[in-house]
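Have a look at the structure below before the remarks.
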Amino acid sequence: MDGHDRLLAAFLAGDLDQTAAREWDEHLLECEACWQAAREDRAGRQAAGLLRQPAPDGLADRVAFAVELATAGATIPRQPRRGVRLRRSRLAAAGTLALGLAVTLVVLLVPGGRASMPAPVAAVARYAETMPLPAHRAGPGTGGQAPRVEVGNPVMMTVGGQHIVVRTWRLGGTEAVVATSRQPFPMPPGAQGTSGGGMAWVARAGKLSLYCINGRTSELVAAPVPAAELAVLAARLPLA
Amino acid sequence: MGGDHRAFLDATLPHVDVVYQVARHAAGTGQDPEDLVQETYLRAFAAFGSYRGENTRAWLAAICLNTARSEARRRRRRPWEVPAQALLDALPVARADEARDVADVVIAGLDARAAARCLAQLPEPQRLCIVLMDVAGYTAREAAEALGCPRGTVLARVHRGRRKLAQLLAEAGVSHGRS
Chain A
-18 MDGHDRLLAA
-8 FLAGDLDQTA
2 AREWDEHLLE
12 CEACWQAARE
22 DRAGRQAAGL
32 LRQPAPDGLA
42 DRVAFAVELA
52 TAGATIPRQP
62 RRGVRLRRSR
72 LAAAGTLALG
82 LAVTLVVLLV
92 PGGRASMPAP
102 VAAVARYAET
112 MPLPAHRAGP
122 GTGGQAPRVE
132 VGNPVMMTVG
142 GQHIVVRTWR
152 LGGTEAVVAT
162 SRQPFPMPPG
172 AQGTSGGGMA
182 WVARAGKLSL
192 YCINGRTSEL
202 VAAPVPAAEL
212 AVLAARLPLA
Chain B
16 MGGDHRAFLD
26 ATLPHVDVVY
36 QVARHAAGTG
46 QDPEDLVQET
56 YLRAFAAFGS
66 YRGENTRAWL
76 AAICLNTARS
86 EARRRRRRPW
96 EVPAQALLDA
106 LPVARADEAR
116 DVADVVIAGL
126 DARAAARCLA
136 QLPEPQRLCI
146 VLMDVAGYTA
156 REAAEALGCP
166 RGTVLARVHR
176 GRRKLAQLLA
186 EAGVSHGRS
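Read top to bottom, the protein sequences are chains A and B. Final position of the first sequence in my numbering is 221; the numbers increase by one with none missing. Final position of the second sequence in my numbering is 194; the numbers increase by one with none missing.
Okay, here's the thing in structure tokens:
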């Protein structure tokens, strides 16, 4: 780029003083090459302007969550592809199991802190804590018969080497998180096993109730509801 | 640490939209722009304690571009390669009897996909200046800070890049119409 072109670029950027700019205005009226260059500059700028696209909804939340997790030494590697979906529910089986757990939950749930909670469980609890508290309390079975609606996109995270997919569901005024992993969710201190062999456990983390079924695919449900309501809530979630 | 991350998010999260604009055009083949944005913020957070700059969004753009380059090197691929045939297939058709003026042809047939493909054909220095200034809305001074070069160089590159972009759009459109 020669000096002439540099001056033209400066003129187009509005860098020249008033006198110099007026001289360039007059020059453009006489010089076909510079006039053409100015028009191409404008056309190129307009074409590039077409490429602006707003950031996707939820990107700021995703970034903020990743930063918060980074403070705890965890990472969220990427957004799962659209095609990745958790298996749909076998509601009858889950409902039977959850109802069976209802009594157990009330008896066994004990308050627990998160200071010594395993990192994968703590990360899911932290994620669930961002959910709003139930809008209204309708007693056991929060959400009544309201349809189950998925909220936002699934989030994939890696915590302590464990890959976890987290989905959020809304049932009436209550939101619940379902975290799925191919590795079992470690039982936190203070949690109680709810079935033989230590495959399932329940725990409290602040205002959250946690319910985990470990198996070939492990699932952890977290919701800001009393322990007694979690089983009924779980029965309405798409657990495997 | 909690206070640190809150201060970091307060300072940087308002710029997530412009960082996304940069990421969309800096992400290499197979790299998700949203992943690039997230990685940019994580790297920025790691360096936030020692950051003393005045222009946060220029700092974020620099990190985003460096992150994209690192990823491209890791994948051992050129990040902005677009097959020539794909470019020709996507360009708008212009009739041979239409005006030959480059600016007229470009403005009449502006198409975002074609613009994206032609932008990908520009030399990297010009492309980055256009992405920062014309797509993401950075000033020339901010772009210069993000790219680590003088402001005058940015202005020269963006001018050359815009002209080349317009010429690519016009020439490809006309030649496609003749075939």
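For each residue, glycine too, the CB sits at the ideal point set by N, CA and C. Model, not experiment: these values are computed from the prediction.
* Using the beta-carbon count (16 or more within 10 Å), is P165(A) buried or exposed? -> P165(A) is buried by the Cβ-count criterion.
* What are the boundary residues of the alpha helix (DSSP H) that includes Y192(A)? -> No alpha helix (DSSP H) holds Y192(A); the beta strand (DSSP E) holding it covers L189 to I194.
* If you check the beta carbons only, do F63(B) and A51(A) fall under 8 angstroms apart? -> No, the Cβ-Cβ distance between F63(B) and A51(A) is not below 8 angstroms.
* State yes or no: is the C-beta of V44(A) within less than 8 angstroms of the C-beta of Y56(B)? => Cβ atoms of V44(A) and Y56(B): closer than 8 angstroms.
* How would you list, in chain order, the residues of chain A whose beta-carbon sits under 7 angstroms from the beta-carbon of I145(B)? -> Within 7 angstroms of the CB of I145(B), the CB atoms of chain A belong to A29, in sequence order along the chain.
* Could you tell me how far apart the beta carbons of P167(A) and V102(A) are, in whole angstroms, since I believe they sit closer than 8 angstroms? => So it is a contact: roughly 7 angstroms between Cβ atoms.
* Along chain B, in chain order, which residues have C-beta atoms closer than 7 angstroms to that of D22(A)? -> Per Cβ cutoff of 7 angstroms: H174, R177 and R178.
* To do: Please report how far the alpha carbon of G30(A) lies from the alpha carbon of C79(B), in whole angstroms.
  => Here the alpha carbon of G30(A) sits roughly 20 angstroms from the alpha carbon of C79(B).
* Asked: Is DSSP giving G142(A) helix, strand or coil here?
  -> If DSSP states are grouped into helix, strand and coil, G142(A) belongs with coil.
* Ordered along the chain, which non-local residues of its own chain (more than five positions away) have a Cβ less than 6 angstroms from that of D50(B)? -> Excluding residues within five positions, none has a Cβ falling inside 6 angstroms.
* Residue range of the beta strand (DSSP E) that includes R197(A) -> Element bounds for R197(A): n/a, residue is neither H nor E.
* **Sequence-distant residues of the same chain with beta carbon closer than 6 angstroms to G142(A), five excluded per side** => Closer than 6 angstroms at the Cβ level, and outside the excluded window around G142(A), lies no residue.
* Asked: On the three-state DSSP scale, how would you describe A151(B)?
  -> The answer is coil: DSSP assigns A151(B) none of H, G, I, E or B.
* To do: Determine the DSSP secondary structure at P35(A), reduced to helix, strand or coil.
  => Coil.
* Within 10 angstroms of the Cβ of G153(A), are there 16 or more other Cβ atoms? Answer buried if so, exposed if not. => Per the 10 Å Cβ criterion, buried.
* Is it right to say K188(A) is buried, meaning 16 or more other beta carbons lie within 10 angstroms of its own, or is it exposed? -> Around the beta-carbon of K188(A), fewer than 16 other beta-carbon atoms lie within 10 Å, marking it exposed.
* To do: Report the neighbours of L(-7)(A) on chain B: residues whose CB is nearer than 7 angstroms to its CB, in chain order.
  => The contacting residues are H174.
* Asked: Under 8 angstroms between C-beta atoms, does A171(B) make it to chain A?
  -> So, interface residue.
* To do: Please check the pair P135(A) and V147(A), which I expect to be a contact at CB under 8 angstroms, by giving their CB distance rounded to whole angstroms.
  => Here P135(A) really is in contact with V147(A); their C-beta atoms are around 7 angstroms apart, less than 8 angstroms.
* If you count every other CB in all the chains shown that lies within 10 Å of the CB of V130(A), and 16 or more means buried, which is it? -> By the neighbour-count rule (16 or more Cβ atoms within 10 Å), V130(A) is not buried but exposed.
* Asked: For the stretch 46 to 63 of chain B, which residues have a CB atom closer than 7 angstroms to at least one CB atom of chain A, in sequence order?
  -> The stretch 46 to 63 of chain B vs chain A, Cβ under 7 angstroms: D47, E49, D50, V52, Q53, Y56, L57 and F60.
* Give a yes or no on whether the C-beta atoms belonging to V140(A) and T149(A) are separated by under 8 angstroms. => Remark: C-beta atoms of V140(A) and T149(A) do not approach each other more closely than 8 angstroms.
* Pairwise C-alpha distance: A(-9)(A) and L(-3)(A) -> The alpha-carbon atoms of L(-3)(A) and A(-9)(A) are separated by roughly 6 angstroms.
* Asked: Which one or two residues does DSSP pair with T55(B) in a beta bridge?
  -> Beta-bridge pairing links T55(B) to no other residue.
* Spatial distance of G133(A) from G39(A) (CA atoms) -> So the alpha carbons of these two residues sit roughly 8 angstroms apart.
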